[in-house]
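**Student:** Before I ask anything, here is the structure I am working with.
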Amino acid sequence: MDRLKGKVAVITGGASGIGAAIADAFRKEGAEVVVFDLAAREDTVQVDVSDEAEVESAIRKTVERYGRIDILVNNAGFAGANKPTLDVTEEEWDRTFNVDVKGVLFCTKHVLPHMIRAGGGSIVNMSSIYAVIGTKGDLAAYHAAKGAVLAMTRQDAVTYGKYGIRVNAVLPGAIVTPLLQSLGSQVPGGWDAYYAYVAKRNPIGFLGSPEDVAYGVVYLASDEARFVTGTPLYIDGGYTAW
Ligand SMILES: NC(=O)c1ccc[n+]([C@@H]2O[C@H](COP(=O)([O-])OP(=O)(O)OC[C@H]3O[C@@H](n4cnc5c(N)ncnc54)[C@H](O)[C@@H]3O)[C@@H](O)[C@H]2O)c1
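With this note's numbering applied, the sequence shown corresponds to residues 7 to 248, in that order.
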């Protein structure tokens, strides 16, 4: 119940899907949660993570209010153009990278000084299994962006370990969220056909839920993982195991 007791956590993209499940799990474990999201709601701070000035201001206000940030979960993301390399435009590529890669950079960059000052912290970056494998599908820019997130995770883990800051990545497989449902509905046969296809390729035989990912993030964010850094945690029903 108290695995994150007293910790202040910023979760980006926490208004929907995986981020919302992480926010719920963190609150249950005793954390003070601040959600940054494009969505303007009572329980969110409206921030576009691809806008450095907005990120800097939101982080400064969070620290003014709560005194520190112990945990950053860089979860906000969007798939962007569902196209292969041959067809993707520069503008589409940039839109995906602006959110999925620069968003991680800006949030990490502006949280780091506070974590360094406090003597430590935990950063969890939402990558994807497509950082390390290819797929018959398209999404060339999105998969490249998730590969960049994994590389940033390792680099920052090495650079900032000496300050007591751990940086890890989570690599989810297919998780049932609005993002995946929108993509899965575009295949011939729609969502049901997509679900059946992926479930058959998952050794575990079904698709994951946002909570399946949230449990892993709780672990990486908590002091239980104090010796874990630079690690990709696969949460994919065994999809990448064969
Ligand atoms: N669902 C999956 O199968 C799956 C698999 C691997 C990785 N992921 C990753 O998990 C993360 C969460 O995905 P999800 O499936 O829950 O998606 P989702 O679409 O349900 O939620 C994404 C959230 O991010 C927010 N967001 C998008 N752009 C933003 C921006 N510029 N600034 C601030 N907030 C922004 C959205 O408003 C939304 O609340 C993403 O990084 C995604 O790439 C998802």
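We put the beta carbon where it would ideally sit given N, CA and C, even for glycine.
Please read these numbers as outputs of a predicted model, since none were measured by experiment.
#1: Assuming contact is defined by CB atoms lying nearer than 9 Å, are V69 and G19 in contact in what I supplied?
#2: Can you tell me whether S133 is buried or exposed, with buried defined as 16 or more other CB within 10 angstroms of its CB?
#3: Report the three-state DSSP secondary structure of A85 (helix, strand or coil).
#4: Where do the ends of the beta strand (DSSP E) carrying M132 lie?
#5: Below 8 Å, how does it come out for the stretch 61-79 and the stretch 136-156: are there three or more Cβ pairs, yes or no?
#6: Hey, is N208 close to ligand 1, as in C-beta under 8 Å from one of its heavy atoms?
#7: For the putative contact between N81 and I17, defined by C-beta atoms under 8 Å, what is the C-beta separation to the nearest angstrom?
#8: Helix or strand or just coil, what does DSSP make of Q187?
#9: How should D93 be labelled, buried or exposed, when 16 other C-beta atoms within 10 angstroms of its C-beta is the threshold for buried?
#10: How about F103 and E62: are their beta carbons less than 9 Å apart?
#11: For N104, which of helix, strand or coil comes out of DSSP?
#12: Under 8 Å: does the beta carbon of P238 sit that close to some heavy atom of ligand 1?
#13: Bridge partners of T95, per DSSP?
#14: Using alpha carbons as the reference points, say which of G83, L145, D57 and M121 lies closest to T183.
#15: Spatial neighbours of D49 within its chain, please: CB distance less than 7 Å, with the 5 preceding and 5 following residues excluded, ordered by chain position.
#16: Is the shortest distance between the beta-carbon of W248 and the beta-carbons of chain B less than 9 Å?
#17: Taking just the CA atoms, how far does A220 sit from S228?
#18: Using only the alpha-carbon positions, how far apart do L145 and E96 sit?
**Tutor:** Reading from the atomic positions:
#1: Taking 9 Å as the cut-off, the Cβ atoms of V69 and G19 do not count as close.
#2: Buried, by the Cβ-count rule.
#3: The answer is coil: DSSP assigns A85 none of H, G, I, E or B.
#4: Element bounds for M132: G127 to M132.
#5: Touching, no, given that fewer than three Cβ pairs across the two stretches are closer than 8 Å.
#6: Taking the Cβ of N208 as the reference point, every heavy atom of ligand 1 lies at 8 Å or farther away.
#7: Going by Cβ atoms, the distance from N81 to I17 rounds to 6 Å, so yes, they are a contact pair.
#8: Shown here, Q187 sits in a helix according to DSSP, grouped into three states.
#9: D93 is exposed by the Cβ-count criterion.
#10: No, these two residues do not count as a Cβ contact at 9 Å.
#11: The answer is helix: DSSP assigns N104 an H, G or I state.
#12: Between ligand 1 and the CB of P238, the shortest heavy atom gap is not smaller than 8 Å.
#13: Looking at the DSSP output, T95 sits in no beta bridge, so it has no partner there.
#14: Taking only the C-alpha atoms, the option nearest T183 is G83.
#15: Cβ within range, chain order: V41.
#16: In the structure shown, chain B cannot be found, because there is only a single protein chain.
#17: Each residue's alpha carbon lies about 12 Å from the other.
#18: Distance from the CA of L145 to the CA of E96, rounded to the nearest whole angstrom, comes to 14 Å.
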